[in-house]
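Here the structure is laid out as structure tokens; the discussion comes afterwards.
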Amino acid sequence: MDPITPGLSSCVGLPLSALNMTAHPLNMCSMSIPINLLFDDRDADSLSRSKGGEQPVLEHLLSADGARTLSLAVDENYIFAGTQSLTNEITVFNRANLQQTARLAGHSGSVLTLLCVPEKRWLFSGSSDGTVRLWDTTTLTFISEIRPSYDTSGDIYSLAWDPRQGGTLYFGAQNTDIEYMNFGNLAVLEAQANKGIAMSSDLNSMTPDKDIGQPHDPTVKALRSSRIKPHSFFNSRPGSPDLYRTSPASSTAFPFPKTPSRPTTPNAASLPDQITIPHNNVVSSAHYGYIYCMTLFKRSNDATWLVSGSGDSDVKIWECQPAGGLKFLFSFDGLSGAVFCLVSREDLLFAGLQNGQVKVWDMETKACIRTILAHSSDVLSLALVGTNLYTASAEGQILRFDATFDCTATFQAHSGAILSTIIMPINEDRFELITAGHDAYVKLWRLPRTTSEPASHSADILVGTDGDVMLYALAKLVAIPSVSDNSHREDCRQSAHLLRRMLTQMGAQASLLPTIEGKNPLVMAKFKGQAASPLARKRVLFYGHYDVQPATEADWRTDPWELSGRNGYLYGRGVADNKGPIMAVACAAASLQERRLLDVDLVMIIEGEEESGSAGFLQALRRYKDDIGHIDTILLSNSSWIGEDDPCVVFGLRGVIYANLSISSGNNDLHSGVDGGSVAEPMLAMIRLLGSIATENKVQVPGFYDNVAQVTDAERDYYTAVASITGMDTENVMRKWRQPTFSVSSIQSNSSGPTNNTIIPKSVTAHVSFRLVPNQSIEEICSAIENHCRDTFASISGEMSLEIKITHKADWWLASVENPYFKALETAVEKIWGSKPLRIREGGSIPTIPFLEDLFDAPCVHLPLGQHSTAAHLSNERLRLLNLRNGKRVIEEFLMSLSSIASSSQLDATS
1 MDPITPGLSS CVGLPLSALN MTAHPLNMCS MSIPINLLFD DRDADSLSRS KGGEQPVLEH
61 LLSADGARTL SLAVDENYIF AGTQSLTNEI TVFNRANLQQ TARLAGHSGS VLTLLCVPEK
121 RWLFSGSSDG TVRLWDTTTL TFISEIRPSY DTSGDIYSLA WDPRQGGTLY FGAQNTDIEY
181 MNFGNLAVLE AQANKGIAMS SDLNSMTPDK DIGQPHDPTV KALRSSRIKP HSFFNSRPGS
241 PDLYRTSPAS STAFPFPKTP SRPTTPNAAS LPDQITIPHN NVVSSAHYGY IYCMTLFKRS
301 NDATWLVSGS GDSDVKIWEC QPAGGLKFLF SFDGLSGAVF CLVSREDLLF AGLQNGQVKV
361 WDMETKACIR TILAHSSDVL SLALVGTNLY TASAEGQILR FDATFDCTAT FQAHSGAILS
421 TIIMPINEDR FELITAGHDA YVKLWRLPRT TSEPASHSAD ILVGTDGDVM LYALAKLVAI
481 PSVSDNSHRE DCRQSAHLLR RMLTQMGAQA SLLPTIEGKN PLVMAKFKGQ AASPLARKRV
541 LFYGHYDVQP ATEADWRTDP WELSGRNGYL YGRGVADNKG PIMAVACAAA SLQERRLLDV
601 DLVMIIEGEE ESGSAGFLQA LRRYKDDIGH IDTILLSNSS WIGEDDPCVV FGLRGVIYAN
661 LSISSGNNDL HSGVDGGSVA EPMLAMIRLL GSIATENKVQ VPGFYDNVAQ VTDAERDYYT
721 AVASITGMDT ENVMRKWRQP TFSVSSIQSN SSGPTNNTII PKSVTAHVSF RLVPNQSIEE
781 ICSAIENHCR DTFASISGEM SLEIKITHKA DWWLASVENP YFKALETAVE KIWGSKPLRI
841 REGGSIPTIP FLEDLFDAPC VHLPLGQHST AAHLSNERLR LLNLRNGKRV IEEFLMSLSS
901 IASSSQLDAT S
């Protein structure tokens, strides 16, 4: 299954109400449905008021390899998604980078429910195969399989955990039973595995009580009645084959590359591979229907209640015994539909029902205090954060209710039923809502802050949490189509003004600098270091660009002008080239400044014409050089890694010469049948001329290779290291990065009429390029090219004319790997990524680097942020979220390390 449906995007950082629905009518996750359309046929008493509030923001979209996610769980490190698929795996996503880390396989049926136990670092999973499995959340490995007392339990729908006396697991099954297991007596569990017999009734023994369900008799069917109201999602019968059920398989974790290995949790070491629930640990026929949901309810007197909801339209409350066991207390009977979900807050219990209602009870008085007619379809999931209740329906809608049961938000979260929701804490006042839908997507929604005071724009920008500011600011920048052409001149102006405002809010002194008439302005921002004396501070110049390449929207899977997050990647035009790196640098400086750790001055110069030739940039920099001031080193981040997994540092780029060669006959277009063979033909002359410039692997221009630097042994080692990782040949790596080349990009026939096979064109133009390397002189090479072409053309034909036009030229760049700034950047990369970066060169050119080095007499260092698959300039440009966040951290480390570099040169230059 394609993980993204056309028209469906995840709008990272953008309020749902602010999205352009006209251009993208199918953008379901961006819809905000008016409340009056949802409730116009409902009893007015169901909602005291409907008032608008801040909408959740869709931050990221995950896909478990296209499988439908039925259940969710989270801990401090991972998001767990239980799936319905051919393999019925639990897909594990790393919370830090939102990418798949492992797949936990072993269930032979769909994973219907998940439960994390943080204090034990355990994950329980219940399945339609009738078993519960226990997993270690540190090593992501299988621990044990828990089998019900009898094989007729059917699907396991619900799980609950009482932490007292070693912990007791309760699970609700399709056969209407509640079964439980206490993990306090590991010796008894181990003895069971060693002897292969059922556990003794001594474990978790209970005093017989008429309120406790009797031991299960497999010959007696659980009572059924007309009160049972099964649901289409939950209605497989006990023992019936599951749609995606596979043959029994061993429990296996399939880790992705570089999954960290951690020690096994100590309290799992003594558990057997398989545990069978003893007969005495069964509350038989606890309900008259499938037990869809359970939750624990803590009482003020230290008592713990288990609340269970069922297809029989009842909610039952049980007192949990400290070492396991249940005593029936009371029930809420005869509700208007099956009970699919339960949550509690203080003394309130909320139940989501089959007919769209949410019942609310005061558990102290046992009174129903509110019936919320929330949805027109079944309420399948509930989530609580603070005093806000989120209700999720079978139609994919989510509503939010506040403490007074007023509806404060409504939005379409999925295109099908929402099967699971869970709250994920980010910090003390920020939470995310995770939703899993029938449409096979898992979505992460940023919720409004729990503080009662709305955050100002400035406070939003100054948040120090990793990634929050970057995503917000990056979404705003990507939303502006700042293509540096005449049709987007106003967009570029708005982008420059937005960037200036954001950098100002981050703590910089920012301004706009004009270049030449009709071209986009520069943005200059200065983050001032904390050292009192300017002489005591290093000064770093960051160069970037806010303009982007055009984007053909039809070729994109999501809107290129809307930042979209899915499976750990951010998509959008400019996200990698170069708006993402700009935000990483700015947020790094702002974070250090806020923490009083910025000991350097950072000057950011961000232009708006880089993608179209940097017109006016060189003149503007010379004009504002004194305003920028002395610079010790220049930082760029405008390229990508050589592969997907290994961080890199760039130490060289090739130079470039673009030229147009035009040959004209001086005649009009001729007919090949009438005049062919009797006249000189420009196309044939062009082919001979181009053939004289280069053979397949060697440029024939005299003197072209005279000054090419020889390869040192140390340099060859860099290429060998890259070749071993990429699988390329070392010589091929060198040909791409450090050998000069000649290429023909196009040959254009300049015919005055229609082009067909009978026409001899009057003139022909070839667009060619030369890539240069150290230590070739760009002026000498230009002269050599012109001389060679004219000499060769003179021998081809004297009846035609040749015009040579150099359209663009940029010098090569090579950094010294012994430079202290280069070493500081390498050290910062190694500290954050945990491995020494590859030293790479690139075949492309960045004309501004040698210019900036000459202008400020300062060395440049180049940090690539994107992976090889970034697709800058192409459709579906993307940047891995981990790379963006780690890039920010690398820049922080780099800036903090500069104060330790000897400053004698700086003092001499400033004095």
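In terms of the UniProt record's numbering, the sequence shown has 153 at position 153, counting the first letter as 1, and numbering is strictly consecutive. Idealized CB from N, CA, C, for every residue including glycine.
Which residue comes first and which comes last in the beta strand (DSSP E) that contains asparagine 660? Position 660 of the sequence shown holds residue 660. Segment 655 to 664, the beta strand (DSSP E) holding asparagine 660.
Start and end of the alpha helix (DSSP H) containing aspartate 791? Counting from 1 along the sequence shown, the entry for residue 791 is found at position 791. Counting along the chain, the unbroken alpha helix (DSSP H) around aspartate 791 starts and ends at 778 to 796.
Measuring CA to CA, which of Gly666, Arg573, Ala620 and Gly568 is closest to proline 514? Taking the sequence shown and counting its residues from 1, one reaches residue 514 at position 514. Ranking the options by Cα distance to proline 514, first place goes to Ala620.
Along the chain, where does the beta strand (DSSP E) containing tyrosine 821 start, and where does it finish? Reading the sequence shown from its first residue, position 821 is the one you call residue 821. Careful: tyrosine 821 lies outside any beta strand (DSSP E), inside the alpha helix (DSSP H) at 820 to 833.
Go ahead and pull the three-state DSSP assignment for serine 310. Position 310 of the sequence shown, counted from the start, is the residue given in the question as residue 310. Strand, per DSSP.
Classify lysine 519 as helix, strand or coil using the three-state DSSP reduction. Your numbering for residue 519 matches position 519 in the sequence shown. Reduced to three states, the DSSP call for lysine 519 is coil.
Buried or exposed: which applies to asparagine 388, given that a residue is buried once 16 or more other Cβ atoms fall within 10 Å of its Cβ? As a first step, residue 388 must be located in the sequence shown, where it is residue number 388. Per the 10 Å Cβ criterion, buried.
What three-state label does DSSP hand threonine 152 in the structure shown? Position 152 of the sequence shown holds residue 152. Per DSSP, reduced to three states, the secondary structure at threonine 152 is coil, with no helix or strand assignment.
Reference glutamate 611; option with closest CA among Asn578, Asp626 and Arg595: For the purposes of this step, residue 611 is taken as residue 611 along the sequence shown, with counting starting at 1. Checked all of Asn578, Asp626 and Arg595; the closest Cα to glutamate 611 is Asn578.
Less than 9 Å between the C-beta atoms of valine 483 and alanine 551, yes or no? Locating residue 483 in the sequence shown gives position 483, counting from the first residue. Locating residue 551 in the sequence shown gives position 551, counting from the first residue. Contact flag set, yes.
Just tell me which of Thr176, Lys476, Gly106 and Tyr390 has its CA closest to the CA of tyrosine 546. Numbered from its first residue, the sequence shown carries residue 546 at position 546. Relative to tyrosine 546, the option among Thr176, Lys476, Gly106 and Tyr390 whose CA is nearest is Lys476.
Around the Cβ of lysine 538, are there at least 16 other Cβ atoms within 10 angstroms (buried) or fewer (exposed)? Along the sequence shown, read from residue 1 onward, the residue named residue 538 stands at position 538. Here lysine 538 is buried: its Cβ has 16 or more other Cβ atoms, across all protein chains shown, within 10 Å.
Neighbourhood of leucine 342 by C-beta distance below 6 Å, restricted to the same chain and skipping five residues each side: On the sequence shown, residue 342 is found 342 positions in, with the first residue counted as 1. Within its own chain, the residues whose Cβ lies closer than 6 Å to the Cβ of leucine 342, once the five positions on either side in sequence are excluded, are Cys293, Thr295, Val307, Gly309 and Ala351, listed in chain order.
Determine which residues share a DSSP beta bridge with asparagine 388 and list them. Stepping through the sequence shown from its first residue, residue 388 is reached at position 388. Looking at the DSSP assignment, asparagine 388 forms a beta bridge with Val385.
Sort out for me which residues DSSP pairs tryptophan 161 with in a bridge. Counting from one through the sequence shown, the residue named residue 161 turns up at place 161. Answer by DSSP bridge pairing, in chain order: Leu169.
Keeping to the same chain, check which residues put their C-beta closer than 6 Å to that of alanine 67; ignore five residues upstream and five downstream. In the sequence shown, residue 67 corresponds to position 67, counting from 1. Within the same chain, alanine 67 has close Cβ partners Thr83 and Ser85.
Assuming contact is defined by CB atoms lying nearer than 9 Å, are leucine 838 and arginine 654 in contact in what I supplied? Indexing the sequence shown from 1 puts residue 838 at position 838. Indexing the sequence shown from 1 puts residue 654 at position 654. In this structure, arginine 654 does not lie closer than 9 Å to leucine 838 by Cβ.
Beta-carbon spacing of threonine 848, tyrosine 624 below 9 Å: Translated into positions along the sequence shown, residue 848 becomes position 848. Translated into positions along the sequence shown, residue 624 becomes position 624. Contact flag unset, no.
If we count the other Cβ atoms within 10 Å of its Cβ and call it buried at 16 or more, is arginine 841 buried or exposed? Stepping through the sequence shown from its first residue, residue 841 is reached at position 841. Arginine 841 counts as buried, since at least 16 other C-beta atoms from the protein chains shown sit within 10 angstroms of its C-beta.
Bridge partner(s) assigned by DSSP for glutamine 321: For this step, residue 321 is matched to residue 321 along the sequence shown. Glutamine 321 pairs with nothing; no bridge assigned.
From Glu853, Gly843 and Gly887, pick the residue whose C-alpha is nearest to that of proline 864; which is it? The residue you call residue 864 lines up with position 864 of the sequence shown. Residue Gly887 is the option with its Cα nearest to proline 864.
Given this structure, state the Cα-to-Cα distance separating leucine 112 from tryptophan 318, to the nearest angstrom. Against the sequence shown, residue 112 aligns to sequence position 112. Against the sequence shown, residue 318 aligns to sequence position 318. Straight-line measurement puts the Cα of tryptophan 318 at about 23 Å from the Cα of leucine 112.
With 16 other CB atoms within 10 Å as the buried threshold, where does alanine 858 fall? Along the sequence shown, read from residue 1 onward, the residue named residue 858 stands at position 858. Only buried fits alanine 858, as 16 or more other CB atoms lie within 10 angstroms of its CB.
Alpha carbons only, please: which of Ala286, Val360, Ser128 and Ser875 is nearest the one belonging to threonine 404? Counting from 1 along the sequence shown, the entry for residue 404 is found at position 404. The option with the nearest alpha carbon to threonine 404 is Val360.
Where do the ends of the beta strand (DSSP E) carrying arginine 103 lie? In the sequence shown, counting from the first residue as 1, residue 103 sits at position 103. Looking at the DSSP string, the run of the beta strand (DSSP E) that includes arginine 103 is 100 to 105.
Cβ-based neighbour list, glycine 703, same chain, cut-off 7 Å, excluding 5 preceding and 5 following: On the sequence shown, residue 703 is found 703 positions in, with the first residue counted as 1. Non-local beta-carbon contacts of glycine 703 in its own chain, meaning distances under 7 Å to residues more than five positions away in sequence, involve Ala784 in chain order.
Any contact of the region 503 to 514 with the region 581 to 589, i.e. 3+ C-beta pairs under 8 Å? Contact holds: three or more Cβ-Cβ distances are below 8 Å.
Terminal residues of the continuous alpha helix (DSSP H) containing phenylalanine 851? Taking the sequence shown and counting its residues from 1, the one referred to as residue 851 is at position 851. That run of the alpha helix (DSSP H) goes 848 to 856.
Evaluate the contact criterion for the region 599 to 616 versus the region 515 to 523: three or more CB pairs, one atom per stretch, below 8 Å. Yes, the region 599 to 616 touches the region 515 to 523.
Could you tell me if alanine 338 is buried or exposed, where buried requires 16 or more neighbouring beta carbons within 10 angstroms of its beta carbon? On the sequence shown, position 338 is the one that residue 338 refers to. Alanine 338 is buried by the Cβ-count criterion.
Please state the DSSP three-state secondary structure of serine 726. Counted from its first residue, the sequence shown places residue 726 at position 726. Before going further, note that residue 726 is threonine rather than serine in the sequence given. DSSP places threonine 726 in helix when its eight states are reduced to three.
Same chain, Cβ closer than 7 Å to threonine 720, neighbours up to 5 away in sequence not counted: As a working mapping, residue 720 is identified with position 720 in the sequence shown. Cβ neighbours of threonine 720 beyond the five flanking positions: Thr730.
Looking at the strands, I want to know which residues DSSP matches up with residue 918. The question about residue 918 has no answer here: the residues shown for the chain are numbered 1 through 911.
Where the alpha helix (DSSP H) through arginine 68 begins and ends: Here residue 68 is taken as the residue at index 68 of the sequence shown, counted from 1. Note, arginine 68: premise wrong, no alpha helix (DSSP H); beta strand (DSSP E) at 68 to 74.
Considering alanine 685, what are the terminal residues of the alpha helix (DSSP H) in which it resides? Start at 1 with the first residue of the sequence shown, and residue 685 comes out as number 685. Here the alpha helix (DSSP H) through alanine 685 covers 682 to 693.
Valine 603 beta carbon less than 9 Å from that of methionine 683: Here residue 683 refers to the residue found at position 683 when the sequence shown is read from its first residue. Here residue 603 refers to the residue found at position 603 when the sequence shown is read from its first residue. In this structure, valine 603 does not lie closer than 9 Å to methionine 683 by Cβ.
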